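Novice: Sharing a structure below in structure tokens format, with a few things to ask.
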Amino acid sequence: MSTYENYSETSKSYDITRVPIGVEIILGCLARASMPLAKMKLLDAGCGTGAYSQAVLPHVAHIDAVDINPGMLDIASEKLCNPHIEGLIRFHRAAIDELPFENASFDGIMINQVLHHLPDSDVAGYPAYRRVLKEFSRLLRPDGRLIINTCSHTQLRDGFWPYTLLPEAVEKICKKHVPLDELERLLEECSFSPIARYVPVDAVIQGEAYFDARGPLDKPWRDGDSLWAMATEPELQEALAKLRKLDQQGELKQFMEQQDRSRHDIGQVTFVCASRRQSKNYRYGQTIAE
Ligand SMILES: C[S@@+](CC[C@H](N)C(=O)[O-])C[C@H]1O[C@@H](n2cnc3c(N)ncnc32)[C@H](O)[C@@H]1O
Numbered sequence: 000m001s002t003y004e005n006y007s008e009t010s011k012s013y014d015i016t017r018v019p020i021g022v023e024i025i026l027g028c029l030a031r032a033s034m035p036l037a038k039m040k041l042l043d044a045g046c047g048t049g050a051y052s053q054a055v056l057p058h059v060a061h062i063d064a065v066d067i068n069p070g071m072l073d074i075a076s077e078k079l080c081n082p083h084i085e086g087l088i089r090f091h092r093a094a095i096d097e098l099p100f101e102n103a104s105f106d107g108i109m110i111n112q113v114l115h116h117l118p119d120s121d122v123a124g125y126p127a128y129r130r131v132l133k134e135f136s137r138l139l140r141p142d143g144r145l146i147i148n149t150c151s152h153t154q155l156r157d158g159f160w161p162y163t164l165l166p167e168a169v170e171k172i173c174k175k176h177v178p179l180d181e182l183e184r185l186l187e188e189c190s191f192s193p194i195a196r197y198v199p200v201d202a203v204i205q206g207e208a209y210f211d212a213r214g215p216l217d218k219p220w221r222d223g224d225s226l227w228a229m230a231t232e233p234e235l236q237e238a239l240a241k242l243r244k245l246d247q248q249g250e251l252k253q254f255m256e257q258q259d260r261s262r263h264d265i266g267q268v269t270f271v272c273a274s275r276r277q278s279k280n281y282r283y284g285q286t287i288a289e
């Protein structure tokens with residue numbers, strides 16, 4: 000459960016701006032496993048409103064989509080309630096550190112923009128992250144693929160044009176994101192290797208809406224990005240006042256373009272793709288090893 004975002008409320012407007020990005024990276028990572036993509040059973044951990052499941056489902060055999068928030072799950076199951084795909088996807092309400100599936104149930108797991116909602120901070124040694132990664136290790140078959148879609152601290156600090164208005168909130172959200180080197184260390188510890196990183200530099204998580212300079216003045220737009228939920232009320236009001244002033248002066252678009260420059264080099268998100276280590280004698284087709 001997120002400690003700072005009210006997803007029961009946010010679920011109502013989440014899809015106004017959020018789009019699944021980097022789907023080609025997810026499919027590419029899955030396709031490198033020994034099992035054919037079309038036969039894979041996938042877990043979407045923290046599926047939200049189901050946008051990633053919807054994009055990936057045509058390419059795999061089955062998806063179990065899990066989320067802890069009933070509002071997000073309702074939207075996802077409505078979106079994917081379609082006779083053509085009935086039976087290909089199942090929804091479950093559960094926490095990602097204690098999932099209702101047998102050992103080695105999945106060939107792939109994707110987790111998109113979820114880990115920073117875990118109750119860890121930088122001082123805690125990331126026990127909640129570790130619990131979740133161990134659970135994923137339990138659920139993946141050897142040679143199964145884990146794809147984590149997250150943000151580096153550099154991306155959080157310099158990859159989103161409005162973030163410059165909320166410096167305190169940005170530092171708070173950085174503390175919720177484990178640094179990528181540390182994430183890789185945790186993955187190694189939980190039986191994942193090799194590990195690779197991919198950055199879709201041109202993709203933005205709020206799609207076309209991201210380029211609407213007046214967007215942050217509307218709550219439904221802000222609901223498409225957890226950073227705004229991190230801001231204190233005075234910080235939020237100050238940011239909105241600055242945007243309104245720039246708008247009145249006719250300088251808002253120019254401000255957005257200036258603040259957006261560094262994103263072109265660093266992107267907004269990083270995909271960390273890892274393989275579940277195989278035991279020595281495992282071959283594709285076996286049900287369990289290790
Ligand atoms: C930013 S949204 C991402 C949704 C979706 N993966 C996407 O990218 O569109 C984060 C989601 O993670 C879910 N979530 C947060 N903590 C969770 C937990 N411990 N177990 C399961 N779901 C969780 C929230 O309810 C929310 O739907």
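Quick note on numbering that gives the first Met the number 0: the sequence shown kicks off at 0 and runs consecutively.
Yeah, the Cβ is synthetic: ideal placement off N, Cα and C, and Gly gets one too.
Note that this is a predicted model, so its numbers are computed, not measured.
(1) Using three-state DSSP, classify Val271 as helix, strand or coil.
(2) Could you please give the first and the last residue of the uninterrupted alpha helix (DSSP H) stretch that includes Ile172?
(3) For Arg276, verify whether its CB is less than 7 Å away from any heavy atom of ligand 1.
(4) Give me the residue from Lys218, Ala103, Asp201 and Lys244 with the minimum Cα distance to Arg260.
(5) Quick check: is the beta carbon of Gln258 nearer than 8 Å to any beta carbon in chain B?
(6) Thinking C-beta only, is Thr153 closer than 8 Å to Val271?
(7) So, is Thr157 buried or exposed, given that buried needs 16 or more other C-beta atoms within 10 angstroms?
(8) By DSSP, does Ser10 sit in helix, in strand, or in coil?
(9) Which of the three DSSP states, helix, strand or coil, is assigned to Ala291?
(10) Might you give, ordered along the chain, the residues of its own chain that have their beta carbon closer than 6 Å to the beta carbon of Ile62, omitting 5 neighbours on each side?
(11) Is Met303 helix, strand or coil by DSSP?
(12) At a cut-off of 7 Å, would you count Val113 as near ligand 1, judging by its Cβ distance to the nearest heavy atom?
(13) Under the rule that 16 or more other beta-carbon atoms within 10 Å means buried, what is Cys46, buried or exposed?
(14) Could you pull out every residue in the same chain whose Cβ sits closer than 8 Å to the Cβ of Glu187, ignoring the five residues on either side in sequence?
(15) In whole angstroms, give me the CA-to-CA distance for Asp73 and Thr48.
(16) Return yes when the C-beta of Ala361 is under 7 Å from any heavy atom of ligand 1, and no when it is not.
(17) How far does the alpha helix (DSSP H) with Arg129 in it reach, from first residue to last?
Specialist: On the basis of the coordinates in this document:
(1) strand
(2) Pro166 to Lys175 is the extent of the alpha helix (DSSP H) around Ile172.
(3) Result no, Cβ not under 7 Å from ligand 1.
(4) Taking the Cα of Arg260 as reference, the smallest distance to any Cα among Lys218, Ala103, Asp201 and Lys244 is reached at Asp201.
(5) Within the model displayed, chain B is absent; a lone protein chain is all it includes.
(6) no
(7) Residue identity differs from the one stated: residue 157 is Asp in this sequence, not Thr. It counts as buried.
(8) It is coil, neither helix nor strand.
(9) An answer regarding residue 291 cannot be provided, because it is not within the stretch 0 to 289 covered by the chain.
(10) Leu41, Asp43, Ser52, Leu56 and Ile88
(11) With the chain covering only 0 through 289, there is no way to say anything about residue 303.
(12) yes
(13) buried
(14) Ile194
(15) When only Cα atoms are considered, Asp73 and Thr48 end up about 8 Å apart.
(16) A query on residue 361 cannot be resolved here, the shown segment of the chain reaching from 0 to 289 and no further.
(17) Pro126 to Leu138
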